[in-house]
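Protein chains: 2
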Amino acid sequence: MTAPVNGSARGRAPEGYDKYAFEPFAVTVDLAVLTLRAGTLHVLLVERGHEPYAGRWALPGGFVLPDESAERAARRELAEETGLSDVSGLHLEQLRTYSEPDRDPRMRVVSVAFAALLPHAPEPHGGGDAAQAQWLRYNALGPLAFDHDRILADAHDRVGAKLEYSCIATAFCPPEFTLGELRQVYETVWGTALDPPNFRRKVLATPGFVEPVPGAARLTGGRGKPAALYRAGTADTLHPPLLRPTTSVSPASPPSSPSPSSPTPSSPSQSPPSPSSPEGRPA
Amino acid sequence: MTAPVNGSARGRAPEGYDKYAFEPFAVTVDLAVLTLRAGTLHVLLVERGHEPYAGRWALPGGFVLPDESAERAARRELAEETGLSDVSGLHLEQLRTYSEPDRDPRMRVVSVAFAALLPHAPEPHGGGDAAQAQWLRYNALGPLAFDHDRILADAHDRVGAKLEYSCIATAFCPPEFTLGELRQVYETVWGTALDPPNFRRKVLATPGFVEPVPGAARLTGGRGKPAALYRAGTADTLHPPLLRPTTSVSPASPPSSPSPSSPTPSSPSQSPPSPSSPEGRPA
DNA sequence: ACTATTTATGGTCACCATGACCAATAGTCA
DNA sequence: TGACTATTGGTCATGGTGACCATAAATAGT
Numbered sequence: 001m002t003a004p005v006n007g008s009a010r011g012r013a014p015e016g017y018d019k020y021a022f023e024p025f026a027v028t029v030d031l032a033v034l035t036l037r038a039g040t041l042h043v044l045l046v047e048r049g050h051e052p053y054a055g056r057w058a059l060p061g062g063f064v065l066p067d068e069s070a071e072r073a074a075r076r077e078l079a080e081e082t083g084l085s086d087v088s089g090l091h092l093e094q095l096r097t098y099s100e101p102d103r104d105p106r107m108r109v110v111s112v113a114f115a116a117l118l119p120h121a122p123e124p125h126g127g128g129d130a131a132q133a134q135w136l137r138y139n140a141l142g143p144l145a146f147d148h149d150r151i152l153a154d155a156h157d158r159v160g161a162k163l164e165y166s167c168i169a170t171a172f173c174p175p176e177f178t179l180g181e182l183r184q185v186y187e188t189v190w191g192t193a194l195d196p197p198n199f200r201r202k203v204l205a206t207p208g209f210v211e212p213v214p215g216a217a218r219l220t221g222g223r224g225k226p227a228a229l230y231r232a233g234t235a236d237t238l239h240p241p242l243l244r245p246t247t248s249v250s251p252a253s254p255p256s257s258p259s260p261s262s263p264t265p266s267s268p269s270q271s272p273p274s275p276s277s278p279e280g281r282p283a
Numbered sequence: 001m002t003a004p005v006n007g008s009a010r011g012r013a014p015e016g017y018d019k020y021a022f023e024p025f026a027v028t029v030d031l032a033v034l035t036l037r038a039g040t041l042h043v044l045l046v047e048r049g050h051e052p053y054a055g056r057w058a059l060p061g062g063f064v065l066p067d068e069s070a071e072r073a074a075r076r077e078l079a080e081e082t083g084l085s086d087v088s089g090l091h092l093e094q095l096r097t098y099s100e101p102d103r104d105p106r107m108r109v110v111s112v113a114f115a116a117l118l119p120h121a122p123e124p125h126g127g128g129d130a131a132q133a134q135w136l137r138y139n140a141l142g143p144l145a146f147d148h149d150r151i152l153a154d155a156h157d158r159v160g161a162k163l164e165y166s167c168i169a170t171a172f173c174p175p176e177f178t179l180g181e182l183r184q185v186y187e188t189v190w191g192t193a194l195d196p197p198n199f200r201r202k203v204l205a206t207p208g209f210v211e212p213v214p215g216a217a218r219l220t221g222g223r224g225k226p227a228a229l230y231r232a233g234t235a236d237t238l239h240p241p242l243l244r245p246t247t248s249v250s251p252a253s254p255p256s257s258p259s260p261s262s263p264t265p266s267s268p269s270q271s272p273p274s275p276s277s278p279e280g281r282p283a
């Protein structure tokens, strides 16, 4: 449920619920915005200008406003960070919520994390502030601020898993793409090589995954035989799934995420409102 | 991320972040506690004693306290609601967070939903309050309070999906169980019949799914040949997955969940603290 | 006691998806 | 022209799965 179940069968200690319930809980969203640039996985990150974690890279995000859902907040942040005018068609997926009490040393911050998948990566517009937003290679990341290492690792895991049984791979591709480009999505995210003929057979045998663009073909970076173009189909699930090779080769090394399951000692999330904002908040 | 990324590259409008950020956001957990009773899926629900949704059934849950994570809050609530002394071994999984602004008509409540899987269903201890907690058949539910229909439907979907590629089915079973009981977990959650020999072959062929209890056997409800007993194995994933029959027969009808993907107009979550709590809160 | 019924367990068989290959096409680059 | 590269088309063997059939071991009914 949401709030404490109505006043009823709560076999709970008589601690002052009400008082504590109104301690300031900040609710924010964090975005793991992923894209493919030059055949490698990139993440949109912003450089922190203030303590804590000044100078470290962090996931973009921000407060959930009083009149919007976390999903709406995430899409608003996505539009702001990427500078894209229309993010309505982009794949945005809620990952999970991170709520460790010490996530942010300044205050209690509960953050709903999302993963966003972008086709072509526009240069981030950097915002008007001092700090910069940039696409960084997923493989070459130092430790991020707060618990963002873990969030990013979770995002990568989720996307990798969803490639197996859904059609979201097309979310990384432009409106028209070749099967080679689609295959590269899988190879990049999974960190494994796939057999081109077998991949082609599988994709074309799945109804609704892709649909051919009648006469079109594209020169594949100059080299090789021109490839036919396809558009994303209408299907969203993959039956049967496209499982990644069992001979699990160690894929792209995650940023620096520590332990596998338990929340790592990395810290929480954000910081106070940007300097441009009216007043300063609990820090 | 968590809180708004530090004051930096946030290309965001200069709205007063700080002020709004400290509007009262209540953070709660909602629990979809599932179990199998007499071969049918049951959910732990509490009856609401107050408005809104007085008299309606709702998922158990409560506030996240200032010094605990949502996971800890969920496990605490689970222990309180079920009356079990040790819930440390129970399967608890975060579903997603529900944050529609109008979830609760009384105030802004953001709720982190969890699914919990119980082997044998102890009778709920009802709590000291007026309202009652009860196991109800999943198939015979009227509309729940707030958006709990949707949360419960999401929980059912998630559990059904996880049965395919994980070993959580054993979480519904007692420490020692027969393959028939394990199969019934799948059949009940999926709402389909499975071929006993094929199911057996698949389960036994998956290393670490189950391990036999040497000489043990149990009379299966009196009828039929006694079945061998097994314990849960150490594996947590199922490779390759155990896919449900494609000839999708309509399974157990969900409570009353409306649209498939978008947040339905159902409402939010909880209610004020229980009457026994010190003071009354925003209602 | 005998039979029907029920459930577990063991096994076969055909089919389909997949992985591992081989080969041809059609471009660029040197 | 030749080397190289990538797409595309095809074959072949294998493994997992679904659809069955058969037997064992218990109970319920007559």
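So the sequence lines, in the order shown, correspond to chains A and B. Going by UniProt numbering, the letters in the first sequence line up with residues 1 to 283, in that order. Going by UniProt numbering, the letters in the second sequence line up with residues 1 to 283, in that order. Glycine is no exception: its CB is placed at the ideal position from the N, C-alpha and C atoms.
Inspect the beta-carbon positions of residue i and residue j and report whether they are closer than 8 Å.
{"i": "V27(B)", "j": "V64(B)", "result": "yes"}
{"i": "F172(B)", "j": "L117(B)", "result": "yes"}
{"i": "A161(B)", "j": "A32(B)", "result": "no"}
{"i": "G233(A)", "j": "V213(A)", "result": "no"}
{"i": "D154(A)", "j": "R96(A)", "result": "yes"}
{"i": "A228(B)", "j": "A216(B)", "result": "yes"}
{"i": "Y98(B)", "j": "D147(B)", "result": "yes"}
{"i": "R56(B)", "j": "A133(B)", "result": "no"}
{"i": "T82(B)", "j": "S166(B)", "result": "no"}
Does the CB of residue i have a neighbour CB from chain A at under 8 Å?
{"i": "F177(B)", "result": "no"}
{"i": "F25(B)", "result": "yes"}
{"i": "P258(B)", "result": "Because P258(B) carries a pLDDT of 37, less than 50, the predicted location of this residue cannot be relied on, and the following value inherits that uncertainty. By this cut-off, P258(B) is not an interface position."}
{"i": "D149(B)", "result": "no"}
{"i": "V112(B)", "result": "yes"}
{"i": "P240(B)", "result": "yes"}
{"i": "R158(B)", "result": "no"}
{"i": "R201(B)", "result": "no"}
{"i": "D195(B)", "result": "no"}
{"i": "V87(B)", "result": "no"}
{"i": "T237(B)", "result": "no"}
{"i": "S248(B)", "result": "At S248(B) the pLDDT is 43, less than 50, meaning the model places this residue with poor confidence; the figure from the coordinates comes in the next sentence. Closer than 8 Å: no."}
{"i": "V43(B)", "result": "no"}
{"i": "V213(B)", "result": "no"}
Does residue i have its Cβ less than 8 Å from a Cβ in chain B?
{"i": "F209(A)", "result": "no"}
{"i": "L243(A)", "result": "yes"}
{"i": "V185(A)", "result": "no"}
{"i": "R108(A)", "result": "yes"}
{"i": "V189(A)", "result": "no"}
{"i": "T206(A)", "result": "no"}
{"i": "E100(A)", "result": "yes"}
{"i": "R96(A)", "result": "yes"}
{"i": "E68(A)", "result": "yes"}
{"i": "V33(A)", "result": "no"}
For residue i, which beta-bridge partners are listed by DSSP?
{"i": "V109(A)", "result": "A26(A)"}
{"i": "Y98(A)", "result": "S111(A)"}
{"i": "P210(B)", "result": "Correcting the residue identity first, residue 210(B) is Val in this sequence and not Pro. Per DSSP, A232(B)."}
{"i": "L136(A)", "result": "V43(A)"}
{"i": "A217(A)", "result": "A228(A)"}
{"i": "G61(A)", "result": "D30(A)"}
{"i": "E93(B)", "result": "A115(B)"}
{"i": "E77(B)", "result": "Per DSSP, none; premise fails for E77(B)."}
{"i": "L36(B)", "result": "L41(B)"}
{"i": "S85(B)", "result": "Note: S85(B) sits in no beta bridge, so no partner."}
{"i": "F199(B)", "result": "DSSP, once it has assigned bridges, lists no residue as partnering F199(B)."}
Work out the CA separation of residue j and residue i for me, nearest whole Å.
{"i": "M189(B)", "j": "P119(B)", "result": "It is Val, not Met, that sits at residue 189(B) in the sequence shown. One C-alpha to the other measures close to 14 Å."}
{"i": "T246(B)", "j": "P143(A)", "result": "44 Å"}
{"i": "V112(B)", "j": "S111(A)", "result": "11 Å"}
{"i": "S69(A)", "j": "R76(A)", "result": "11 Å"}
{"i": "S269(A)", "j": "P52(A)", "result": "Because S269(A) sits at a pLDDT of 38, beneath the cut-off of 50, its placement in the model cannot be relied upon, and the point is left open."}
{"i": "P241(B)", "j": "G49(B)", "result": "44 Å"}
{"i": "F25(A)", "j": "K225(B)", "result": "57 Å"}
{"i": "H156(B)", "j": "E164(B)", "result": "13 Å"}
{"i": "Y230(A)", "j": "S85(A)", "result": "25 Å"}
{"i": "T220(B)", "j": "I151(B)", "result": "35 Å"}
{"i": "R158(B)", "j": "E71(A)", "result": "19 Å"}
{"i": "P105(B)", "j": "A73(A)", "result": "20 Å"}
{"i": "T192(A)", "j": "M107(A)", "result": "41 Å"}
For this session: Decide if the stretch 78-96 of chain A is in contact with the stretch 176-186 of chain A; the criterion is three or more beta carbon pairs, one per stretch, under 8 Å apart.
Result: Result no; under three Cβ-Cβ pairs closer than 8 Å.
For this session: Please confirm if the stretch 53-61 of chain B is in contact with the stretch 33-45 of chain B, defined as three or more CB-CB distances below 8 Å between the two stretches.
Result: yes
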